[in-house]
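Chains as they are written, first to last, in this note's numbering: chain A, 350 to 756; chain B, 350 to 756.
Note that CB positions come from ideal geometry on N, CA and C, so glycine has one too.
All values derive from a computational prediction rather than experimental measurement.
Protein chains: 2
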Amino acid sequence: MATINNNFSKLSAGYLFPEIARRTNKYLNENKGVELMKLGIGNTTESLPLSLVDAMKAKLDLLSNRDTYLGYGDEQGDTTLREGLVKYYSRYGVKFDSTEFFISDGAKADAANIQELFGRENIIAFQDPAYPVYVDSNVVGGRTSGFDDEKGCYNNFVYLSCNEENGFIPDVPDTKVDLIYLCSPNNPTGAVMNHDQLKKFVDYARKNKAIILFDGAYSEYVKDDDLPRSIFEVEGAKECAIEINSFSKNAGFTGVRLGWTIVPKDLVSEDSEVGQINSMWNRRQCTFFNGASNIAQAGGLAALSGQGYEDCRALVNYYMGNAKIIKKGLESVGLTCFGGDNSPYIWAKTPNNMTSWEFFDFLLKVCHVVVTPGSGFGPSGESFIRVSSYGHRENVEKAIASIKENM
Amino acid sequence: MATINNNFSKLSAGYLFPEIARRTNKYLNENKGVELMKLGIGNTTESLPLSLVDAMKAKLDLLSNRDTYLGYGDEQGDTTLREGLVKYYSRYGVKFDSTEFFISDGAKADAANIQELFGRENIIAFQDPAYPVYVDSNVVGGRTSGFDDEKGCYNNFVYLSCNEENGFIPDVPDTKVDLIYLCSPNNPTGAVMNHDQLKKFVDYARKNKAIILFDGAYSEYVKDDDLPRSIFEVEGAKECAIEINSFSKNAGFTGVRLGWTIVPKDLVSEDSEVGQINSMWNRRQCTFFNGASNIAQAGGLAALSGQGYEDCRALVNYYMGNAKIIKKGLESVGLTCFGGDNSPYIWAKTPNNMTSWEFFDFLLKVCHVVVTPGSGFGPSGESFIRVSSYGHRENVEKAIASIKENM
């Protein structure tokens, strides 16, 4: 008799964004004609730069010619793109070999799949609030006995609380943990770890033989030059960290799908040999994945330099302009806001001790603005909302005007 | 201390195709100037049909306009494509709801990931020889205690031998198994299960509460009208089967990346409720995947009907023309061949009791033709080679001429 993987039944609730969609659609069905302004999902809205579109069309032309057609690429990604990324990272003064890069169809899949490399007995830690994928993938991976409804936490997982007191940057764990998920610039809080804060984690990891899984999907949003964009700017990180990144938020590739993961050959755990974790990820990708779309990879290569890179910078600047408008607007109605300076997300405290979902419903029904309830990202997200700067400028302005008018 | 997933160390050897590449490159390095003819990897070689390229370029135009740009799509795939597939399957007289379809970035990922839905204690069975992904993903999934070097088999796995005696179609297992991988038209043997043979497996699965994981990636190569192209042509299959399929081999999307999986809502195990396995896969995809590339999906939609479908049929016919030439050529030098009539693969017996790798090396070094050693697909593949009909016609003809000349 086929039995099912019971770890799925330990997942506490529907994934956050489908639940937002459900509430939003319910409201729209009951209130026909209402136009909602969406500052919820971190979904890009501006058109793909023509420089990237042209590169992808040129790839399509090559694919439509039998002399230049290519079928399967390497599971690890095209060599030119991997080498392009080596060069891209050299801006940070970080040197890699191209075989330390693995091209993927996006950061989400890599962030979810990376835990498969590690034993079930590992204790995982993550920033609370956190991108739900870190947590949910480890639930499915069998690292919790279940969800504790009273505490609002999964058993066995270590929640590193990010709150006003610590400026949304947690201290290193006070117990021994094995795998640490860090996201900077952070989704959802918008907080960015500085060099010293990141170094504390690197030191902790090296001392405790832990491994850091660093999500840098928003690195292009860091504008302050003294803030690190990659964990590998910190000395020693190559021995204890994996970095996951994406073309989604700078090149507008949320639907095109392209990302990468760096697994340094220097990375070891006490349970592994030098290079072994790199080899394991290589084997994992060769078995479970067949390479990212070659069309997307052509676009990604164009995004790394020259006009393509300039166009991506302009996209990021556009969204950061939105972030400024949102933060200023929310503060003008008395909301306390964090993030939004080196990140596309504004993390706003709910007024009048409302819960996250209460304020979500208020903004939906009264202001017709959709945001993301902070509690959906973990218990420390309660009493906050995440406001996303992804949107057309005119819609962002309308949303802020509506909030100003109705609050 | 971070520990690694020791199941990776149970994987018996490098993935088959990298090993072929290694031997081939070694030979080329030692014999500069030799031109090899490749009939090895099942990698498409003919250009993408213009009808599909045009559809993808039109999608790029939409993405380069802010009014028609779209970011994240649904993790399950675009509704239009899912509905297009519903219609595509109606040719077989099989009715589905579009929510039973899940668009993916290709059959390989789905074939590898599908086992995550099931408990570790499940006994898996598969045709031997088999596409290595079924086996390797279950090794990583923790369903074997290790590889038995003497037997050349993984412990706990049930190998359903496909051999000359049974016409390369195995009988149902004579013990109780829980998950059965079937591939028809088969990779690597080229054998196609008829309706009665498939029905025996459906009956077995229903009786034993097992689930069939059916890989139909080569279904478009079936030309005999009395052979089933989908397992769902067999009554009762919706209650016991999942089907995985792909645009790789009919639309030439090996590098573009697009596939789908059907998880019927009627599918149950005794351990699950009606609709639960469909919901689990939905949750799995929403957590571990972020949708297939929207550009590829636009191409896939074009491939399902009208000119696009006709163009894909022409591609399949081209490769089947190659298959005919290969089979006839190999038979003319006295090799016993199977498959190749409703499948792009010819399964040829090695001469003079050579092992698969011995004949591989002979063909590489003497004929300068690269094939795939059958033993790489499992113990029953020993003494066979797989010859792929993917190649430019002139290269196929050259390869066959070289074999004729040198054997």
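Reduced DSSP secondary structure (H/G/I, E/B, other) of residue 580(B): helix
Residue 638(A): contacting residues in chain B (beta-carbon distance under 9 angstroms): 454, 455, 457, 458 and 461
Residue 425(B): first and last residue of the uninterrupted beta strand (DSSP E) it sits in: Neither: residue 425(B) is in no beta strand (DSSP E) and is coded neither H nor E.
Chain B residues whose Cβ lies nearer than 7 angstroms to that of residue 719(A): Correct list: empty, because the minimum Cβ distance to chain B is about 15 angstroms.
Element boundaries [beta strand (DSSP E), containing residue 509(A)]: 507 to 510
Exposed unless 16 or more other CB atoms sit within 10 angstroms - verdict on residue 437(B): buried
Contact list for residue 465(A) against chain B, beta-carbon separation under 8 angstroms: 354 and 489
Length of the line joining the Cα atoms of residue 547(B) and residue 565(B): 13 angstroms
DSSP-derived helix/strand/coil call for residue 402(B): helix
Start-to-end residues for the alpha helix (DSSP H) that takes in residue 636(A): 625 to 637
Contacts of residue 360(A) in chain B (Cβ-Cβ under 9 angstroms): 632 and 636
Among 607(B), 729(B), 660(B) and 585(B), the one whose alpha carbon lies nearest that of residue 455(B): 607(B)
Option nearest residue 312(A) by Cα separation, candidates 712(A), 743(A) and 722(A): With chain A covering only 350 through 756, there is no way to say anything about residue 312(A).
Length of the line joining the Cα atoms of residue 706(B) and residue 724(B): 8 angstroms
Beta carbon proximity, residue 614(A) to chain B, threshold 8 angstroms: no
Residue span of the beta strand (DSSP E) that contains residue 735(A), given as start and end: 733 to 737
Residue 526(B) versus residue 688(B): straight-line alpha-carbon distance, rounded: 28 angstroms
Chain-order list of residues whose beta-carbon lies under 7 angstroms from that of residue 510(B) (same chain, five-residue window excluded): 477, 519 and 729
Secondary structure of residue 537(A), DSSP reduced to three states: coil
Under 9 angstroms (Cβ pairs) to chain B, residues found in the region 659 to 676 of chain A: none
Residue 674(B) (DSSP reduced to helix, strand or coil): helix
3 or more residues per run - each beta strand (DSSP E) lying fully within the region 471 to 516 of chain B: 473 to 477 and 507 to 510
6 angstroms Cβ shell around residue 458(A) - same chain, five flanking residues per side excluded: none
Expected contact under 8 angstroms - CB spacing of residue 351(B) and residue 558(A) to nearest Å: 6 angstroms
Bridge-paired residues (DSSP) for residue 594(B): 609(B)
Which listed residue (605(A), 632(A) and 718(A)) has its alpha carbon closest to that of residue 358(B): 632(A)
Under 7 angstroms by beta carbon: chain A residues contacting residue 406(B): 406 and 409
Residues bridged to residue 688(A) (per DSSP): 695(A)
Distance between beta carbons of residue 694(B) and residue 735(B), contact taken as under 8 angstroms: 5 angstroms
C-alpha distance - residue 388(B) paired with residue 675(B), whole-angstrom precision: 10 angstroms
Cβ neighbours of residue 469(B) in the same chain (closer than 8 angstroms, five flanking residues each side left out): 490, 491 and 492
Selection from 395(B), 463(B), 485(B) and 412(B) that minimises the alpha carbon distance to residue 400(A): 412(B)
C-alpha gap between residue 748(B) and residue 682(B), whole angstroms: 13 angstroms
Proximal residues of chain B, C-beta to C-beta of residue 726(A) below 7 angstroms: Under the 7 angstroms cutoff, chain B gives no residues; its nearest Cβ is about 15 angstroms from residue 726(A).
Residue 562(B) - containing alpha helix (DSSP H), residue span: Unbroken run through residue 562(B) is the beta strand (DSSP E), 560 to 564; no alpha helix (DSSP H).
Residue 692(A) beta carbon less than 8 angstroms from that of residue 481(A): no
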